[in-house]
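First comes the structure, then the notes that go with it.
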Ligand SMILES: Cc1ncc(C[n+]2csc(CCOP(=O)(O)OP(=O)(O)O)c2C)c(N)n1
Ligand SMILES: Cc1ncc(C[n+]2csc(CCOP(=O)(O)OP(=O)(O)O)c2C)c(N)n1
Ligand SMILES: [Mg+2]
Ligand SMILES: [Mg+2]
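Below, the structure written as structure tokens:
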């Protein structure tokens, strides 16, 4: 087992566990129809968001996709506001307007996510332009799926980021599927994403086993160089696996497009028990208990929060 | 000097010369305001269109960009209809509706060009889908500029063409400029186009000296393999140089964005005198005379052709 | 059955066929035409997976194989261009999008190529393309999964636009769209998918350019686009309670748009409420109201008109305010009532009868 | 000088400043605001080359350097997203497009992100973005270099749209647009670039939401968008020859759109000709006519209206038919004359006086 300082170990486990438990609770609650919004769960994929975000500073930025609970939580977004948002409450992180697919918590440097695949990638470039001008060495991490790499805007964005030497960390969460279609049916050469990115002069890294510490180390090693301007953008492809259905709370291994055999190795490699086993048993108990408290609190908060007033329909259309 | 059969030599020279002289005449006439349409001249770039199209069969398809006179002529498009189109006459190849930027001659398998950069690339994929279904082994050549490789649609198209093993020859006319901006100010790694294309599993070739026969040989070698389905799409990058201004008939070496020093090696390497020198002097005289006759005829034809009737404004809006 | 389920066939005077759901009528039309015409094929994200685009392409893969129905990479721009090129080459593609919002990625190819190709190439080629897209509505679809953007396409000469409101028309319009030699934007609505109507087994075309008077009436004219036609029929029931008899008109095809039928109706009623399934500014309702103003103004006839549609804001996800974003039978009925009885006090229909026609039986998420 | 050159400053009651060309007024506004506000920057294809986007960005590179004005790769989709992200991050980008037609590649970012971000993120961020685009017109611009697609943007809540018709307004609207905290679609017209007006040296804002009565009149109301306002002024001169006095109104801002000023005028004239710089179906003219029908209809006032705009076809390149594609002073005057004198015989204005206002002094190609 790699030797990681106990603090990092505890922090990483707390984050992994918090995301997992939060989404398990979302899945549990969902059938009650209290969450009237599509939810795209990251259960099984937590290590990518955690590995990347744990290597960032508080004032660095990060933004996820419509499958964005994990990045929001890993970057330190307000959990009560997240659950309240799923409930469509006025206390939600976007005041009940955006829902699960449009999370944002600017106070914690979580930038907005979008329901249209690929749209947030160039948005991150714009933030990066501003960060570069600011000159404080801050960086931004922009998450995207394997499907998003097929959109033209991804390529346009790579070229511009490299051309302008922008401090962007592109993080591809490659779970091998776009909805129900495997990457092999969508990409002529499915395993060439990193190779392609490199042709833009962008350093590209690939982690195939979802090891949260490997992911963390790559980012932790690159970010200082990015802050000093030695590196412009970098690209990180992380193989991972979506355990639940594309959208919604359930499993869909009976649907026929994938099998539990495909799932099994990812369950065996689940980073949460792995990291748990690296902790002192007492530490683990403390963290698990804390996580339950935080999640329970977020549910209580969401439940008792009011819905937006009717007037909210028309507020914030224009600034 | 390579040994090329005399017929090919004469054909290639005739085509090169015809394009050059046609456009020189367009440039000569232009100041008279008889051609009330933007013209993007290929003077200096002829060898790409000729090298590619000469290796295609009559019933193969080809389509150029808004800088499309060369491809139209090289593929055998009707010259009278071309000049008439520039004049905006009813006898033009698109009946005076499209003008120089929207040429088409379906009877000679020249597909339509477009004034919006990159738009014809996916259109060619659609034709290729139909050709593949047809099963006769026909192929299509789709021309694009170096600037077009920056548009996202180019990448989306490469992936789909490779995924579906489509019989498309992508031909990049790399003249190092998009309007007045050099490729080095637009692309993070300007010389990586072929390398990038290869990551889609597409064979990519680069010709840096505009040698019309090198270009022709690459296509002539690949096309039979494409017809047999051994090859899907291929990509060809040809370095070349635009001698005149981006749009219009004049030179613009005084504008400051490029120098005649940059031009000179391309003039020294001009394929027209080079191929002319490979011909029997008499053959050359015959061809030159024939070219003058054809071009003069096209001008006469355009001059005497009528403008579209007023009713034409509203015809062909819907099929 | 006497009263039409949804303004479809019966009102159309067509009582033949079987009761079919909108989604099945769509699929049947495509199926029958694919069987008849080998040039027809279907492409689009997820058209061939087990969910079959919310059921609308169910079974086509098994029947016609992967060459005639296939999913694509995530690449709307290039896939739209590919469909256009295939159409130019003589095939008849049906390009499908699960949300109309995603068409914003296809605008360049649709507006600059599909709409213009036949004309700018001097008539040498045609673009027999059908672009299917679904307007999303259910739970918390939110800002980017809920838009009805058809008026953008109505604005562009060279494109045709159709938005059938019931299963019967879905079949007839789809057959007409596939057989049309021009690009047709085929606008569907998520909430219409489960709605049923009588649909003939045999193939039939519901051709462009004819609006339909779904139910006659003399006091006020209601025009509804796509599933707003359904809400207009519910509104008509509510209005009947207070003695206002509405004539309900379904434009069916939005481009070309037949306004003569509406003009005829408003000459009689002098009152028009037009309900868009999108925003009203520069919407279909604006076009309809403008044409009526041109025609009736020339005749010196004054009439009252009110446009309804999405609230001029962004679609929120929270149910309490999302509900207010959309026109509903109650709001439509109230608008019509205000026109018909200007001096009467404000009237609020029975809330139980006023719920969104199809919203109530819907369960999310997609 | 007594008569306004182009409906600009004088009519606005503003006679200060110097005579400036539209293109120079645009540049001056951007220059002054870049000097005042370091957050403002300019990006877009070819903004920094020797042609300086037809002169509209001349000198800015020399003055502000390559970090504040830079060209981009050919990548409209990503560059639009980049501009939006920069705006969210607190900068104030001006993204420039040499042709409005190319905005079709930016639609996803403009409609799904720029217009919605402030709302869908609960007001946490703003998008102070200006998107400049030029409607092309000169010689044979053809199908894809001639479109005026602003009504598509008027349709989308969250976006603002402005189309100044003269140099004076170009400066005031540009300053208002840059200082606006929302995405503003700034619509220019190629033929307006050389037109001159009196423009104040000092900075001033021409804020959204107020149309301008450019020249008063009592017989008919003419509303013209962008350079069609200029053609309306020419039409007014022609109409004067036959004793018809037209009131000419410039909406200036298309979203938000002030129709009260137009309503007031038509209450008086009872006749309206609205001239779009694009297609009429679901165009700005439709919106204006629809609003007037709503307001005047409620007052029981009947009025006559006719919409003019691009012919419902594709813009051809051949001069003989291209000329027929556009409204011109003669056609505008004739339409107004028909409304004003319904019983009078058809009238044809003096051809020499009726030529397109600025077409004649133009020489191509771009
Ligand atoms: C531009 C666009 N096209 C299509 C869709 C429909 N859609 C929603 S999620 C999705 C799959 C995306 O796959 P991927 O990028 O791998 O992300 P994942 O869901 O696997 O995390 C698709 C096609 C969309 N939202 N946006
Ligand atoms: C989508 C789009 N963006 C911008 C333009 C404006 N434009 C016209 S030609 C051109 C340069 C294209 O360069 P390249 O592809 O290298 O072709 P070349 O002109 O060098 O042959 C540009 C940017 C356009 N026509 N279309
Ligand atoms: Mg995926
Ligand atoms: Mg070039």
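Protein chains in written order, with the working numbering: chain A, 1 to 319; chain B, 1001 to 1319; chain C, 2001 to 2366; chain D, 3001 to 3366. Built from N, CA and C at the ideal position, the CB exists for glycine as well.
Exercise for the section: Output yes if chain C places a C-beta closer than 8 Å to the C-beta of residue 3366(D); else output no. Expected result: If you number the fourth chain from 1, residue 3366(D) lands on position 366. Annotation note: pLDDT 38 at residue 3366(D) (below 50); position unreliable, coordinate value reported separately. No, no contact with chain C.
Practice task
Please name the residues in the region 3121-3147 of chain D whose beta-carbon is closer than 9 Å to at least one beta-carbon of chain B, in chain order.
Solution key: Listed in sequence order: 3138, 3139, 3140, 3141, 3142, 3143, 3144 and 3145.
Exercise for the section: Counting only runs of 4+ residues fully inside the region 1153-1218 of chain B, write out the alpha helix (DSSP H) ranges in chain order. Expected result: Qualifying alpha helix (DSSP H) stretches, in chain order: 1193-1198.
Practice task
Report all residues for which the CB-ligand distance to some heavy atom of ligand 3 is below 6 Å; order them along the chain.
Solution key: 145(A), 146(A), 147(A), 175(A), 177(A) and 178(A)
Problem - Collapsed DSSP secondary structure at residue 1279(B) in the structure displayed - result: Position 279 of the second chain holds residue 1279(B). Coil at residue 1279(B), not helix or strand.
Problem - C-beta atoms of residue 283(A) and residue 10(A) nearer than 8 Å - result: Stepping through the first chain from its first residue, residue 283(A) is reached at position 283. Stepping through the first chain from its first residue, residue 10(A) is reached at position 10. Yes, these two residues count as a Cβ contact at 8 Å.
Practice task
Scan the region 3167-3194 of chain D for residues whose Cβ lies nearer than 8 Å to a Cβ of chain C and list them as they occur along the chain.
Solution key: none
Exercise for the section: Please indicate yes or no: does the CB of residue 115(A) lie closer than 7 Å to some heavy atom of ligand 1? Expected result: Start at 1 with the first residue of the first chain, and residue 115(A) comes out as number 115. Because some heavy atom of ligand 1 lies under 7 Å away, the Cβ of residue 115(A) counts as near it: yes.
Problem - Interface flag, residue 3304(D) vs chain C, CB-CB below 8 Å - result: Position 304 of the fourth chain, counted from the first residue, corresponds to residue 3304(D). By this cut-off, residue 3304(D) is an interface position.
Exercise for the section: State the Cα-Cα distance for the pair residue 1289(B) and residue 1275(B), rounded to the nearest angstrom. Expected result: What you label residue 1289(B) is simply residue 289 of the second chain in a count that begins at 1. What you label residue 1275(B) is simply residue 275 of the second chain in a count that begins at 1. Distance between the alpha carbons of residue 1289(B) and residue 1275(B): 16 Å.
Problem - Beta-bridge pairing of residue 3253(D) - partner residues as DSSP gives them - result: Within the fourth chain, numbered from 1, the residue matching residue 3253(D) stands at position 253. 3162(D).
Exercise for the section: Determine contact between the region 2305-2315 of chain C and the region 3112-3122 of chain D, defined as no fewer than three beta-carbon pairs at a distance below 8 Å. Expected result: yes
Practice task
Give me the Cα-Cα distance between residue 3095(D) and residue 1239(B), rounded to the nearest whole angstrom.
Solution key: Taking the first residue of the fourth chain as position 1, residue 3095(D) is located at position 95. Taking the first residue of the second chain as position 1, residue 1239(B) is located at position 239. Rounded to the nearest angstrom, the two C-alpha atoms are 31 Å apart.
Problem - Min CB distance residue 3073(D) to chain A below 8 Å - result: One-based indexing of the fourth chain puts residue 3073(D) at position 73. Residue 3073(D) counts as touching chain A.
Practice task
Return yes when at least one heavy atom of ligand 2 lies under 7 Å from the C-beta of residue 3105(D), else no.
Solution key: If you number the fourth chain from 1, residue 3105(D) lands on position 105. It does: the Cβ of residue 3105(D) is within 7 Å (strictly closer) of some heavy atom of ligand 2.
Practice task
Spell out the partners DSSP gives residue 3132(D) in its beta bridges.
Solution key: Position 132 of the fourth chain, counted from the first residue, corresponds to residue 3132(D). Residue 3132(D) pairs with 3096(D) and 3186(D).
Practice task
Identify the continuous beta strand (DSSP E) that holds residue 1238(B) and give its terminal residues.
Solution key: Taking the first residue of the second chain as 1, we reach residue 1238(B) at position 238. Residues 1234-1239.
Exercise for the section: Consult DSSP for residue 3314(D) and reduce its assignment to one of helix, strand or coil. Expected result: Within the fourth chain, numbered from 1, the residue matching residue 3314(D) stands at position 314. The answer is coil: DSSP assigns residue 3314(D) none of H, G, I, E or B.
Handout entry: Test: residue 1314(B) CB closer than 8 Å to a CB of chain D
Key = Taking the first residue of the second chain as position 1, residue 1314(B) is located at position 314. Yes - at least one Cβ of chain D is within 8 Å of the one on residue 1314(B).
Handout entry: residue 2043(C) - DSSP class collapsed to helix/strand/coil
Key = On the third chain, residue 2043(C) is found 43 positions in, with the first residue counted as 1. In this structure, DSSP gives residue 2043(C) an extended state, which the three-state scheme calls strand.
Exercise for the section: Work out the CA separation of residue 22(A) and residue 3065(D) for me, nearest whole Å. Expected result: One-based indexing of the fourth chain puts residue 3065(D) at position 65. One-based indexing of the first chain puts residue 22(A) at position 22. Their Cα atoms are separated by approximately 49 Å.
Problem - DSSP state of residue 1257(B) mapped onto helix, strand, coil - result: Numbered from 1 along the second chain, position 257 holds the residue referred to as residue 1257(B). DSSP places residue 1257(B) in coil when its eight states are reduced to three.
Practice task
Output the residue ranges of the beta strand (DSSP E) runs that lie fully inside the region 3227-3281 of chain D and measure 3 residues or longer, sorted by chain position.
Solution key: 3246-3250, 3253-3255 and 3271-3279
Handout entry: Boundaries (first-last residue) of the alpha helix (DSSP H) holding residue 1029(B)
Key = For the purposes of this step, residue 1029(B) is taken as residue 29 along the second chain, with counting starting at 1. Residue range 1006-1029 is occupied by the alpha helix (DSSP H) that includes residue 1029(B).
Practice task
May I ask which residues mark the beginning and end of the alpha helix (DSSP H) holding residue 2175(C)?
Solution key: Counting from one through the third chain, the residue named residue 2175(C) turns up at place 175. Under the DSSP assignment, residue 2175(C) falls in the alpha helix (DSSP H) whose first and last residues are 2167-2179.
Practice task
Please list, in chain order, all residues of the same chain as residue 1287(B) whose beta carbon is under 7 Å from its beta carbon, the five residues on each side excluded.
Solution key: If you number the second chain from 1, residue 1287(B) lands on position 287. Result list for residue 1287(B): 1010, 1013, 1014 and 1017, in chain order.
Practice task
Tell me whether the beta-carbon of residue 2107(C) lies closer than 8 Å to the beta-carbon of residue 3104(D).
Solution key: On the third chain, residue 2107(C) is found 107 positions in, with the first residue counted as 1. On the fourth chain, residue 3104(D) is found 104 positions in, with the first residue counted as 1. Their beta carbons are under 8 Å apart, which means residue 2107(C) touches residue 3104(D) by this criterion.
Handout entry: Straight-line Cα distance separating residue 2041(C) from residue 2093(C)
Key = Position 93 of the third chain, counted from the first residue, corresponds to residue 2093(C). Position 41 of the third chain, counted from the first residue, corresponds to residue 2041(C). Cα to Cα, the separation comes out at about 5 Å.
Problem - Nonlocal neighbours in the same chain, by C-beta distance under 7 Å from residue 1105(B), ignoring five residues either side - result: Here the question's residue 1105(B) lines up with position 105 in the second chain. Closer than 7 Å at Cβ, skipping near neighbours: 1072, 1077, 1078, 1081 and 1093.
Practice task
Could you tell me the distance, in whole angstroms, from the CA atom of residue 2273(C) to the CA atom of residue 3292(D)?
Solution key: Here residue 2273(C) is taken as the residue at index 273 of the third chain, counted from 1. Here residue 3292(D) is taken as the residue at index 292 of the fourth chain, counted from 1. Cα to Cα, residue 2273(C) sits roughly 15 Å from residue 3292(D).
Problem - Reduced DSSP secondary structure (H/G/I, E/B, other) of residue 2306(C) - result: Working through the third chain from its first residue, we reach residue 2306(C) at position 306. Residue 2306(C): strand per DSSP, three-state reduction.
Practice task
Report the residue ranges of all beta strand (DSSP E) runs contained in full by the region 29-94 of chain A; include only those spanning at least 3 residues, in chain order.
Solution key: The region 29-94 of chain A contains these whole beta strand (DSSP E) runs: 61-63.
Practice task
Can you pull the chain A residues whose beta carbon is under 8 Å from the beta carbon of residue 1045(B), in chain order?
Solution key: Locating residue 1045(B) in the second chain gives position 45, counting from the first residue. What residue 1045(B) touches in chain A: nothing, since even the nearest Cβ is about 24 Å away.
Practice task
Tell me whether residue 142(A) is buried or exposed, calling it buried when 16 or more other Cβ atoms sit within 10 Å of its Cβ.
Solution key: As a first step, residue 142(A) must be located in the first chain, where it is residue number 142. Residue 142(A) is buried by the Cβ-count criterion.
Exercise for the section: Using alpha carbons as the reference points, say which of 2320(C), 2203(C) and 2259(C) lies closest to residue 2295(C). Expected result: The residue you call residue 2295(C) lines up with position 295 of the third chain. For the options 2320(C), 2203(C) and 2259(C), the alpha carbon positioned closest to that of residue 2295(C) is the one of 2259(C).
Practice task
Verify the contact flag: residue 1343(B), CB atom, against every heavy atom of ligand 2, threshold strictly below 7 Å.
Solution key: In the structure displayed, chain B extends from 1001 to 1319; residue 1343(B) sits before or after that span and is not available.
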